[in-house]
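Whatever position you read off the sequence shown (first residue = 1), add 6 for the numbering used here.
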Amino acid sequence: MSLYNIGIKPFNIGKITLKNRVGVAPMTRISATEEGFVTNKMVNYYGSFAEGGFVLIITEDTYINDKYSQTYYDQPGIAFDEQAHEWKKVVDAVHSAGSKIFMQLQHTGPLSQGNRFANETVAPSSIQPNQQ
7 MSLYNIGIKP FNIGKITLKN RVGVAPMTRI SATEEGFVTN KMVNYYGSFA
57 EGGFVLIITE DTYINDKYSQ TYYDQPGIAF DEQAHEWKKV VDAVHSAGSK
107 IFMQLQHTGP LSQGNRFANE TVAPSSIQPN QQ
């Protein structure tokens, strides 16, 4: 079987069946609102990949709490029920094109580049990352 055939052959990730192996890896977009809410720009961005034939889309890193996990300004969050509800717009856009979507959950650790909730960071180690 050629590599091309492998790429277009359906396969499963657990209980999720994908029509092919064409996906979108997570990319930082910085296109949420200041409060971490989904925007129409995000709905259109993720929806356009699904409409273009990408069957698996992985979101940009999404912060998980409102104190220490935001990494940069205008990063999307899923820390509040209201934020989670807004993601439905993205999910619906992707699903309407027949694609699947996974969310990349993220906690900044010591590398915050901008957190509107806190000035200090929290990490499992006191070793600083030295700007890496």
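Think of the CB as a built atom: it goes at the ideal place given N, C-alpha and C, for glycine as much as any other residue. Since this is a predicted model, take the numbers as computed values, not measurements.
Asked                                                                                                           : Found
Three-state secondary structure (DSSP) of Met-48                                                                : helix
Host beta strand (DSSP E) of Lys-106 (start-end)                                                                : 106-112
Arg-27 to Lys-15 span [Cα, whole Å]                                                                             : 7 Å
Close beta carbons around Glu-57, own chain, < 8 Å, minus the five adjacent residues each side                  : Ala-103
Asp-80 versus Val-96: straight-line alpha-carbon distance, rounded                                              : 16 Å
Proximity below 8 Å, CB of Tyr-78 to CB of Gln-119                                                              : yes
Rounded separation between Ser-105 and Glu-40 - CA only                                                         : 28 Å
Reduced DSSP category for Val-30 - H, G, I as helix; E, B as strand; rest coil                                  : strand
Straight-line gap, Phe-108 to Asn-71 (C-alpha atoms, nearest Å)                                                 : 18 Å
Nearest to Glu-66 (by Cα), restricted to the options Asp-87, Phe-86, Leu-111                                    : Leu-111
Other residues of its chain near Ile-64: CB distance less than 8 Å, five sequence neighbours each side excluded : Gly-29, Val-30, Ala-31, Pro-32, Ile-107, Phe-108, Met-109, Gln-110
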